[in-house]
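Report on the following structure.
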Amino acid sequence: MTPIDKVLKKKDTTINPIWIMRQAGRYLPEFREIRKINPDFIKLCLNEKLASEITLQPLKRFKLDAAIIFSDILILPYGLNQEVKFKKDFGPLLSDLNLDEISKLNENDFVKKVLPVYKAINLVSSNKLVENKNTIGFVGAPWTLLVYMLNKQSPKKKLKNNFFVDNVYINKILYVLEKFLKIHIKNQIKNGANTIQIFDSWAGLLENKYIANYVYEPTFNLVEFVKNLKVPVICFPRGIKDYKTYCKTIKPDGICIDYEVDPLLIRKEIQIPIQGGMDPKVLLTDKETLKKEATKYLDIFKDHPYIFNLGHGVLPQTDPIMMEYLVNLVKDY
Ligand code: CP3
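Per the working numbering, residue 270 is the first one in the sequence shown, and the count goes up by one each step.
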């Protein structure tokens, strides 16, 4: 059994496996090298050879316990024929959503468009570098994808006031999203993903009265789906205030916490395995501060099943030497 499986399935508290969100990415010179000659980000995600190579880059450098497949949550709208572009220093830009069109799409159309993602997972999961490690597949939660698909760019800190006006319309989109998210998850698992993480990066934007409808219900359905495929599922509802109710309602195998969560409080409130928490900015300081902060999390979760990770993705300006220091520190704890 892999270290991450021991934590998620056996609730082992004697080990602290580690992987890092965005571990394959811009802080690595070898990634920037490939990126420089591949200006189209989506195309790069759909190049199975390069995507698998990028996925494995951090495992060649650091003693990480998992590979997370180099892809993006916005591959899903792309697979639904919504155009997705990444503008430098701005982020994603999507074209108008056409509900009629996405409602008519069938499974084959979708799978054909995103097939290289599954091929990349296959290459990664069969590589020697991930022996006794996890291959993490992932999706965006329905709510977060809905935000991108309707807002057509990152929403910053607020949604437009008219975002919720047409509840029927929103529910129709969520319905389509659920169908294709299940297809996307199923195919990732079929090709070797043995853990699924669900990223709900914009869960924190919602007022309480909308959470049940737009976060709990659609995410619960996905979590049930993954569990039925006998694969552990970790949820990351970034920015929500009430992790306790989230866990009680959705019942994932693991919960990833963001850096605004008080680790002491969450340890008391939550019984399921916990992942993450430390502010990615700590990696921009110095080794002494990093040691102090990382040790704080390890100490607090000493008697709790805990997977070390950050409270959001590693920042592009991070020095790989700091990452190496962190991974070794966690391994030697
Ligand atoms: O290493 C890994 O974690 C796996 C790959 C991965 C990427 N995106 C690659 C990526 C994962 C798991 C994601 C998830 C993702 N994508 C989320 C959820 C997590 C989060 O950050 O909240 C979201 C919201 C997205 C959408 C997205 N993709 C945005 C907003 C951006 C632009 C901003 C940014 O961070 O650059 C991306 C681009 C993106 N996705 C890059 C990478 C490596 C950078 C691409 C580049 O080289 O320019």
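From the three backbone atoms N, C-alpha and C, an ideal C-beta is built for every residue, glycine too.
Beta-carbon gap between residue i and residue j smaller than 9 Å
i, j, result
"A335", "K402", "yes"
"F494", "K451", "yes"
"P501", "D522", "yes"
"L345", "V383", "yes"
"N350", "I337", "no"
"A410", "I467", "yes"
"L474", "K550", "no"
"H573", "I526", "no"
"G508", "E476", "no"
"Y594", "K561", "no"
"I503", "C516", "no"
"L414", "F432", "no"
"I284", "L333", "no"
Given residue i as reference, the closest of the options once Cα atoms are compared
i, options, result
"E322", "L474, T514, L392 and R291", "L392"
"I458", "T488, Y485, T404 and K510", "T404"
"F339", "K357, F331, L366 and V408", "V408"
"I541", "E529, Y512, K560 and T554", "Y512"
"Y296", "I590, V599 and C516", "I590"
"E486", "Y347, N497, L443 and N460", "L443"
"G545", "E529, K561, T558 and L579", "L579"
"D469", "T283, H581 and F300", "H581"
"W471", "T587, W412 and V492", "W412"
"Q326", "I306, P298, G348 and P308", "P298"
"L328", "P272, T464 and E400", "E400"
"K354", "V492, D309 and L333", "D309"
"N490", "T554, F449 and P424", "F449"
"A462", "L366, I284, K388 and L362", "K388"
"S395", "K571, L533, N430 and T324", "T324"
"L224", "V416, L553 and V276", "With the chain running from 270 to 602 in the structure shown, residue 224 is simply not present."
"N436", "N456, Y479 and Q422", "Y479"
"V445", "G294, S423 and L366", "L366"
"Y347", "L362, K357, R304 and D358", "L362"
"Y575", "N456, A320, I539 and P424", "I539"
"V276", "P424, F577, R330 and T558", "F577"
"I465", "K357, D358, G406 and V416", "G406"
"V599", "K429, K373, K571 and K280", "K571"
Cα-Cα separation, residue i to residue j
i, j, result
"V380", "Y566", "40 Å"
"K537", "I519", "18 Å"
"C314", "G360", "15 Å"
"M547", "K556", "14 Å"
"E447", "N440", "10 Å"
"K278", "D568", "22 Å"
"K499", "D601", "31 Å"
"T317", "I311", "Note that residue 317 corresponds to Glu in the displayed sequence, not to Thr. Going by the C-alpha atoms only, they are around 12 Å apart."
"A563", "M592", "12 Å"
"T282", "E352", "44 Å"
"N375", "R301", "36 Å"
"D378", "Y483", "27 Å"
"K496", "L533", "28 Å"
"T488", "T514", "13 Å"
"P424", "K357", "17 Å"
"T587", "K373", "44 Å"
"F416", "N430", "Correcting the residue identity first, residue 416 is Val in this sequence and not Phe. The straight-line gap from Cα to Cα measures roughly 13 Å."
"R330", "G294", "13 Å"
"R304", "K421", "23 Å"
"K280", "P272", "11 Å"
"I535", "K510", "11 Å"
"L319", "I390", "12 Å"
"V492", "M270", "22 Å"
Neighbour-count burial assignment, residue i, 16 or more Cβ in a 10 Å radius
i, result
"A481", "exposed"
"S364", "exposed"
"P385", "buried"
"N597", "exposed"
"L368", "exposed"
"D274", "buried"
"D341", "buried"
"Q292", "buried"
"P286", "buried"
"I306", "exposed"
"Y438", "exposed"
"N460", "buried"
"V434", "exposed"
"N456", "buried"
"T558", "exposed"
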